[in-house]
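K.L.:
Input: one structure, supplied below.
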Amino acid sequence: APVSECLSRVTRSLPGPPGRSAPLPWGCVLAGSPGILSNHGFQVQQQQQRRLSLHEYLSMGLLKEAGISVPHGVVANSPDEAYKIAKEIGSKDLVVKAQVLAGGRGKGTFEGGLKGGVKIVFSPEEAKAVSSQMIGKKLFTKQTGEKGRICNQVFICERRYPRREYYFAITMERSFQGPVLIGSSQGGVNIEDVAAENPESICT
């Protein structure tokens, strides 16, 4: 039977909202919008749901397409690819970055014992060796908790030496269901620690 028909059968016997003698056609409500519920006396709590999360290498690609200067880098799916990419880049000063959707990668730990999800390497051989300890392994950080997250790719990129580091982010504020811009002159890493120790440095 169609999904809508099944929903109608299951919910037909459910009681209606307060102050209403006849049951509401729940099968229709479930297929409709939250506005239908609120119009019939129900309090509807809206919740933000994150539908899009981008790995670092994808974000870098978008910035590059927008004309913003970023370090040259390529994503690798295996240690052999990491070796090949490092050799093609040609620099002797590279960074291998675990592509895991979690903050605190630099201070994380892999299930194999490797410390840090961001490692500096100086040769294609080093890039391959480090990648072999990341790809296919779980990375544990403050944000992942004890479950950890699997690392399926690494980002091989040039190492740059910034004069200053800033923090900038766009996030969603639940209180008014809208975007908020967050910035700090003390950027780079561990923004959570910066916010706790020096909250006046965070601007919204």
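According to the UniProt record's numbering, the sequence shown is numbered sequentially starting from 1. Idealized CB from N, CA, C, for every residue including glycine.
Does the beta-carbon distance from GLY183 to TYR167 come in below 8 angstroms?
P.N.:
Contact flag set, yes.
K.L.:
Apart from the five residues just before and just after GLU173, which ones in its own chain have a Cβ nearer than 8 angstroms to its Cβ?
P.N.:
Answer for GLU173: PRO179 and VAL180, listed in chain order.
K.L.:
According to DSSP, is GLU136 part of a helix, a strand, or is it coil?
P.N.:
Sequence inspection shows Gly at residue 136; the Glu mentioned does not correspond to that position. Of the three classes helix, strand and coil, the one that applies to GLY136 here is coil, per DSSP.
K.L.:
Report back the beta-carbon spacing between MET134 and ALA98 to the nearest angstrom; my notes put them in contact at under 8 angstroms.
P.N.:
Contact flag correct, Cβ pair sits at about 5 angstroms.
K.L.:
Looking only at DSSP bridge pairs, what is LEU181 linked to?
P.N.:
Per DSSP, ILE170.
K.L.:
By the three-class DSSP mapping on this structure, what secondary structure does SER4 have?
P.N.:
Any reading at SER4 must be qualified, since the residue scores a pLDDT of 49, below 50, and its modelled position is unreliable; no value is offered.
K.L.:
Quick check on DSSP: helix, strand or coil for ALA102?
P.N.:
In the structure shown, ALA102 sits in coil (DSSP, three-state: anything other than H, G, I, E or B).
K.L.:
Give me the Cα-Cα distance between VAL194 and GLN186, rounded to the nearest whole angstrom.
P.N.:
Rounded to whole angstroms, VAL194 to GLN186 spans 7 angstroms at the Cα level.
K.L.:
For VAL130, would you say it is in contact with chain C, using Cβ-to-Cβ distances shorter than 8 angstroms as the test?
P.N.:
Note that chain C does not occur in the displayed structure, where there is just one protein chain.
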